[in-house]
Ligand SMILES: NC(=O)c1ccc[n+]([C@@H]2O[C@H](COP(=O)([O-])OP(=O)(O)OC[C@H]3O[C@@H](n4cnc5c(N)ncnc54)[C@H](OP(=O)(O)O)[C@@H]3O)[C@@H](O)[C@H]2O)c1
Ligand SMILES: NC(=O)c1ccc[n+]([C@@H]2O[C@H](COP(=O)([O-])OP(=O)(O)OC[C@H]3O[C@@H](n4cnc5c(N)ncnc54)[C@H](OP(=O)(O)O)[C@@H]3O)[C@@H](O)[C@H]2O)c1
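Chains as they are written, first to last, in the working numbering: chain Z, 621 to 726; chain Y, 621 to 726; chain H, 13 to 487; chain S, 13 to 487.
Written out as structure tokens, the structure reads:
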């Protein structure tokens, strides 16, 4: 419990709490036609796990094959998540381009 | 510039940025009749400066009269801000109590 | 051990956000205020009795507690005593107190900085003034002072103690002063040295005070709500500076939250009366220009007698009352409610049309009428009432002007063009209660008063309404 | 030096929030997506080439870059190739990849933890396993795995590879498995020791896999959008765990943001089809029940011929097309657009009535019809089109069922009771294109089909529409 409350952990907790608020506020006022693109966009964003995969690779010693293999795989699938996610989202949103204003959708 | 980017300063920057988002999101969807109570409520919240005044007093050495005087004054006015702010806000909002639902206002 | 202080601050910060969120919805607004207050209490207790090391009573507790008690008592009294309609003044005053507090903190911390740097061992590298502390200290000082002085002026204007006061090329002067402040503050840093730099320090304070005055003086009294909201966010930023200085999260969170929320709120308020923040700041509120009894387009006004109006209303099936700033000035909300009741008793359907910016602060009319216990369901927002005017026999405009000015729709040159208004001209009859032909807040003439359907019942709103009440009784 | 890495991460985090915010408004949505993508790029570069100490190329760069390039190429291809209507599958698949990545990271970090703790100097206090690292590692592992497996199953269900599969008392079993996972993870911690604890570790993984399967198997294919959105937020949390593990802010921010946004989104989606998340999770989607040709209330259906319908429409002055899931199944959007054009050419006013949850994902119909270049202004949202039915001659219901089912209004016992529907029964004539009398997603009968005004044109939507096109041409 103590360990859990180290100073820097506390910082992170602040960030987490605030971010939760942000997430909630951002989504609660969204027109329903945008739900799917939003889901897809969010899906791309959590591809940030890729950063973690990169860090892992950075720490892996070149002789620790298993870590390297898993790490590379992690980077690969992470990238799939990011790139695929953003591209799919973009394609979905392309559909909305012909929209003149924003009324009809909301 | 460097000094400005110390690790913990960076943490604070994250907090600041997020909080700005939160503030904006929270207010942008508010019915106009609530503007004044909100202003008043926010006014009470920044009374948190009182904490600073308390910290100052805590650090002031008992023989440093000027600090003590100013510090005490700071605590006093800070408290005015807090208490006065919350009480006024409450009185304003009291006005809305008879409201059944939330439509007419929004 | 657990870092109770940190946790206390965390609770505080979260309840601020939560509280403000709840304050944004009519149903939970009041609870939200309590939530925020609770968070504040927790944070204060954490500051008084804990350090990150654990339980530890703060030194000089006696003074602190004394000050807190005094502040609580006086603050509560002031807040309880104040007239509903004087609330904005109150808010402004309390806001100023916050700014003052921030400024005082900076002054003390500054002296502290001097001494530590002046101490022998620090002497050699005296010039090395920790910028990480210097910036927040000075920022807190400057912003705090401006917000303090500004709020006091705003307060004075609202209760009429201080009038508007414009001077040539004020923007330039203000800009100059602002730059001067930064310049001096910079010098103060560069020339830092335990002894004489304090001079620059005091100059900075002086300039900040001057800026505070110049900032608010030119702004029209009616725009004060906007200004207060702006100063409000200033104080927030000042508090946030303290947060940086002490790396104290609850101060930072609370301060920044208010800083950003306050700024948005200011913008939203301006939008609601369709003015740009810029206009407000450079004091472009059209001061009340005198009015004439013949319109530009040469029509003339029809004056009516209380008796006729009373008859008209008593035998109407539907009456809509349009309250405006004048109702507040005349403090006529109670007699207005009385009239409403009597008409209702006569079987007349009476409603109030609430324009979002009627009066001088958003929600002014709601607050005012609620005070006289008007049933909340009778207060209808603009967008909902506008369709109803067509089916209304009599519209009673009580001390409202701009919010029923057709120019907002018809005259692109008008300063209020584009502002949504109440379409009273749809009704069969319009009766306007005001003292003269004088213009309202926007300082422009109102074609409506020259409309054939429209009759003017001149006189103080309270007096006129009283007459109406008596007449209706008499009938 | 400046902590470029930190700044890069900051930029990343901010653009995530900004991007998601922009994605929430139709006008800025697309830009928002790019903003988020930009932020991601910055963060990745920061991770590759900087440390908090400054510029420093990461080790094993070659592998990393190779993997990234491969991922980019393949990811782009997959995303570009996929059918508009298969998008949800794609999203689900990519979401699974994210989960897998998180799980792999945890596995590696875990082995790392073992070795360091197993190292001689650590041996003596081997039991002291840093919980600050253990919790995020295990959490990342478990959540990541569940979300990986779950997403794959969802993907399989959406493209029909995997069917629904319910088993008795699944909730209890799921709960048990979940508890087991936590239990084993706890043992794994308690019994920590460089050698055999790995056993528990693998058991945890196994259980997580099982849970992932059990979690999604029972859920009806039609509910997959909701489930994907939920798994989406899971993956977010898994990424956030990484953020805790490495005290890496951009991972934390991005992860938490998606975690919270995803959760809300899930709830909102359920609301839109007026189901509770609970129902969805315990797989209470009414599977397609077989239908009858005589209604409970004993009415019978009227079957119509393409010719008659063609005539009807050609000489109508206003036709509204109600697209539904069937349009997507039949891939009939293009021929539908063709029909629309022909009618327009005949001077008929044609519009589309878009129900918020028509199809199988929100916006499904918009996406589908936009693909066949239907003019966006012709797609009218429910609340705007409903008033227009009264003035409509022919409503053409193409593969829609639940969204036009009057039971939602009339029958409190109906599972869709309370869901807002399109009031097609206001129109003069209703023509329904579907293959049989089978029920729709909600698995309930539709009184509308027995309505005297309503004629059924049985057959695959695409075929039927093609017939109509030909008939209209022929006339
Ligand atoms: N609500 C806000 O947030 C806010 C804030 C700042 C400014 N404003 C602005 O304030 C204006 C509000 O419009 P409004 O129609 O409510 O007020 P108004 O346009 O300012 O008109 C008020 C009218 O009431 C009359 N009046 C004053 N005292 C009176 C008394 N004792 N008895 C009877 N009549 C009296 C005045 O005419 P006589 O002098 O002839 O009696 C004046 O024409 C808008 O322009 C709005 O933009 C609003
Ligand atoms: N939009 C979302 O986010 C979402 C997500 C999940 C679930 N849902 C649910 O899905 C439902 C959507 O309603 P809906 O009316 O669009 O669809 P629906 O109620 O599921 O009905 C679709 C109808 O289309 C017919 N059909 C299927 N294939 C066809 C084909 N090839 N040609 C012609 N007709 C075909 C089917 O009847 P036949 O088999 O007789 O042809 C079926 O009755 C709602 O209940 C909604 O709650 C929506």
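The beta-carbon is built from N, C-alpha and C at its ideal position, and this holds for glycine as well.
Original post:
In terms of alpha-carbon separation, which member of 123(H), 150(H) and 352(H) lies closest to residue 686(Y)?
Top reply: Taking the second chain and counting its residues from 1, one reaches residue 686(Y) at position 66. Checking every option, the nearest Cα to that of residue 686(Y) belongs to 123(H).
Subject >> Whole-number beta carbon distance between residue 59(H) and residue 675(Y), since they are thought to touch under 8 angstroms >> reply: Along the second chain, one-based indexing puts residue 675(Y) at 55. Along the third chain, one-based indexing puts residue 59(H) at 47. Their Cβ separation, rounded to whole angstroms, is 7 angstroms, which keeps residue 675(Y) and residue 59(H) in contact under 8 angstroms.
Original post:
Along the segment 14 to 27 of chain S, what residues have a CB closer than 8 angstroms to any CB found in chain Y?
Top reply: 14, 15, 18, 19, 22, 25 and 26
Subject >> Opening and closing residue of the alpha helix (DSSP H) in which residue 182(H) lies >> reply: The residue you call residue 182(H) lines up with position 170 of the third chain. Run containing residue 182(H): 182 to 202, per the alpha helix (DSSP H) assignment.
Original post:
For the alpha helix (DSSP H) that contains residue 462(S), what are its first and last residues?
Top reply: Taking the fourth chain and counting its residues from 1, one reaches residue 462(S) at position 450. That residue, residue 462(S), is in no alpha helix (DSSP H); it is neither H nor E in DSSP.
Original post:
Should residue 413(S) be listed as close to ligand 2, given that the test is whether its C-beta is under 7 angstroms from any heavy atom?
Top reply: The residue you call residue 413(S) lines up with position 401 of the fourth chain. Under cutoff, so the answer is yes.
Subject >> Cβ of residue 693(Y) within 8 angstroms of any chain Z Cβ >> reply: Sequence index remark: in the second chain, residue 693(Y) carries index 73 (1-based). By this cut-off, residue 693(Y) is not an interface position.
**OP:** Could you tell me how far apart the beta carbons of residue 170(H) and residue 321(H) are, in whole angstroms, since I believe they sit closer than 8 angstroms?
**Re:** Counting from 1 along the third chain, the entry for residue 170(H) is found at position 158. Counting from 1 along the third chain, the entry for residue 321(H) is found at position 309. Wrong, their Cβ atoms sit about 33 angstroms apart, outside the cutoff.
Subject >> Neighbourhood of residue 192(S) by C-beta, 7 angstroms cutoff - its chain only, sequence neighbours within 5 removed >> reply: Within the fourth chain, residue 192(S) is the residue found at index 180, counting from 1. Excluding positions up to five away in sequence, the list reads 219.
**OP:** Return helix, strand or coil for residue 364(H), following the three-state DSSP convention.
**Re:** Translated into the one-based positions of the third chain, residue 364(H) becomes position 352. Note: residue 364(H) maps to strand in three-state DSSP.
Subject >> Residues near residue 484(H) in its chain [Cβ-Cβ closer than 6 angstroms; skip 5 each side] >> reply: Mapped onto the third chain, residue 484(H) falls at position 472. Within the same chain, residue 484(H) has close Cβ partners 322, 326 and 354.
Original post:
Along chain Z, in chain order, which residues have C-beta atoms closer than 9 angstroms to that of residue 638(Y)?
Top reply: Along the second chain, read from residue 1 onward, the residue named residue 638(Y) stands at position 18. What residue 638(Y) touches in chain Z: 634, 635, 638, 639, 641 and 642.
**OP:** State the DSSP-derived secondary structure class of residue 676(Y), mapped to helix, strand or coil.
**Re:** Reading the second chain from its first residue, position 56 is the one you call residue 676(Y). Residue state, collapsed to three classes: helix.
Original post:
Hey, how far is the Cα of residue 647(Y) from the Cα of residue 103(S)?
Top reply: Here residue 647(Y) corresponds to residue number 27 of the second chain, with the count starting at 1. Here residue 103(S) corresponds to residue number 91 of the fourth chain, with the count starting at 1. Straight-line Cα distance between these residues: approximately 33 angstroms.
Original post:
Taking the alpha-carbon positions, what's the residue 184(S) to residue 293(S) distance?
Top reply: Residue numbering aside, residue 184(S) sits at position 172 when the fourth chain is read from its first letter. Residue numbering aside, residue 293(S) sits at position 281 when the fourth chain is read from its first letter. Each residue's alpha carbon lies about 13 angstroms from the other.
**OP:** Name, please, each residue of chain Z whose Cβ falls closer than 7 angstroms to the Cβ of residue 269(S).
**Re:** Here the question's residue 269(S) lines up with position 257 in the fourth chain. Residues of chain Z passing the Cβ test: 639, 642, 643 and 665.
Subject >> Cβ pair residue 100(H), residue 373(H) closer than 8 angstroms >> reply: Locating residue 100(H) in the third chain gives position 88, counting from the first residue. Locating residue 373(H) in the third chain gives position 361, counting from the first residue. Yes, the pair counts as a contact, with Cβ atoms nearer than the cut-off.
Original post:
Quick one, are the C-beta atoms of residue 364(S) and residue 412(S) less than 8 angstroms apart?
Top reply: Residue mapping note: residue 364(S) aligns to position 352 of the fourth chain, counting from 1. Residue mapping note: residue 412(S) aligns to position 400 of the fourth chain, counting from 1. No; because the gap between Cβ atoms is not below 8 angstroms, this pair is not in contact.
Original post:
Among 636(Z), 680(Z) and 629(Z), which has the Cα closest to the Cα of residue 273(S)?
Top reply: On the fourth chain, position 261 is the one that residue 273(S) refers to. Of 636(Z), 680(Z) and 629(Z), the residue nearest in Cα terms is 636(Z).
Subject >> Cβ-heavy atom distance, residue 184(S) to ligand 1, below 7 angstroms >> reply: Taking the first residue of the fourth chain as 1, we reach residue 184(S) at position 172. Result no, Cβ not under 7 angstroms from ligand 1.
Original post:
In terms of residue numbering, what span does the alpha helix (DSSP H) encompassing residue 352(H) cover?
Top reply: Stepping through the third chain from its first residue, residue 352(H) is reached at position 340. Its alpha helix (DSSP H) spans residues 345 to 357.
Original post:
Taking the C-alpha atoms as reference points, what is the distance between residue 640(Y) and residue 269(H)?
Top reply: Reading the second chain from its first residue, position 20 is the one you call residue 640(Y). Reading the third chain from its first residue, position 257 is the one you call residue 269(H). Each residue's alpha carbon lies about 6 angstroms from the other.
Original post:
What's the gap between the Cα of residue 301(S) and the Cα of residue 458(S)?
Top reply: Numbered from 1 along the fourth chain, position 289 holds the residue referred to as residue 301(S). Numbered from 1 along the fourth chain, position 446 holds the residue referred to as residue 458(S). Since pLDDT at residue 301(S) reaches only 37, below the 50 mark, its modelled position is unreliable, and the value read off the structure follows with that caveat. Residue 301(S) and residue 458(S): Cα-Cα distance of roughly 12 angstroms.
Original post:
What residues are listed by DSSP as bridge partners for residue 66(S)?
Top reply: For this step, residue 66(S) is matched to residue 54 along the fourth chain. 63(S).
**OP:** Taking residue 646(Z) as the query, report the chain Y residues whose CB atoms sit under 8 angstroms from its CB, ordered along the chain.
**Re:** Start at 1 with the first residue of the first chain, and residue 646(Z) comes out as number 26. In chain order: 645.
Original post:
For residue 10(S) versus residue 148(S), is the C-beta spacing smaller than 8 angstroms?
Top reply: A query on residue 10(S) cannot be resolved here, the shown segment of chain S reaching from 13 to 487 and no further.
Original post:
Helix, strand or coil for residue 457(S) per DSSP?
Top reply: Within the fourth chain, residue 457(S) is the residue found at index 445, counting from 1. Residue state, collapsed to three classes: coil.
**OP:** Compare the C-alpha of residue 157(S) against each of 142(S), 38(S), 226(S) and 421(S) and name the closest.
**Re:** On the fourth chain, residue 157(S) is found 145 positions in, with the first residue counted as 1. Out of 142(S), 38(S), 226(S) and 421(S), 226(S) has the C-alpha closest to the C-alpha of residue 157(S).
Original post:
So with Cβ pairs under 8 angstroms, would you call residue 630(Y) a contact of chain S?
Top reply: Here residue 630(Y) refers to the residue found at position 10 of the second chain. Cβ-Cβ to chain S under 8 angstroms: yes for residue 630(Y).
**OP:** Identify, in the order they occur along the chain, each residue of the same chain with its Cβ nearer than 8 angstroms to the Cβ of residue 315(S), setting aside the five sequence neighbours on each side.
**Re:** The residue given as residue 315(S) occupies position 303 in the fourth chain. Correct list, in chain order: 467, 468, 469 and 470.
**OP:** Would you check if the segment 109 to 123 of chain H and the segment 691 to 704 of chain Y touch, i.e. whether three or more CB-CB distances between them fall below 8 angstroms?
**Re:** yes
Original post:
So is the beta-carbon of residue 242(H) under 7 angstroms away from any non-hydrogen atom of ligand 1?
Top reply: As a first step, residue 242(H) must be located in the third chain, where it is residue number 230. No, ligand 1 has no heavy atom inside 7 angstroms of this Cβ.
Subject >> 7 angstroms CB neighbourhood of residue 656(Y) in its chain, flanking five on each side removed >> reply: Translated into positions along the second chain, residue 656(Y) becomes position 36. For residue 656(Y), where only same-chain residues beyond five positions count, the Cβ hits under 7 angstroms are 712.
Subject >> beta-carbon residue 245(H) near ligand 1 non-hydrogen atom, thresh 7 angstroms >> reply: If you number the third chain from 1, residue 245(H) lands on position 233. False, no ligand heavy atom lies under 7 angstroms from that Cβ.
**OP:** Say yes only if the C-beta of residue 176(H) is nearer than 7 angstroms to one or more non-hydrogen atoms of ligand 1, and no if none qualify.
**Re:** The residue labelled residue 176(H) in the question sits at position 164 within the third chain. No, since every heavy atom of ligand 1 falls outside the 7 angstroms radius drawn around the Cβ of residue 176(H).
Subject >> Contact set between residue 655(Y) and chain C, taken where Cβ atoms lie within less than 7 angstroms >> reply: Checking the listed chains, one finds no chain C in this structure; the protein chains it contains are Z, Y, H and S.
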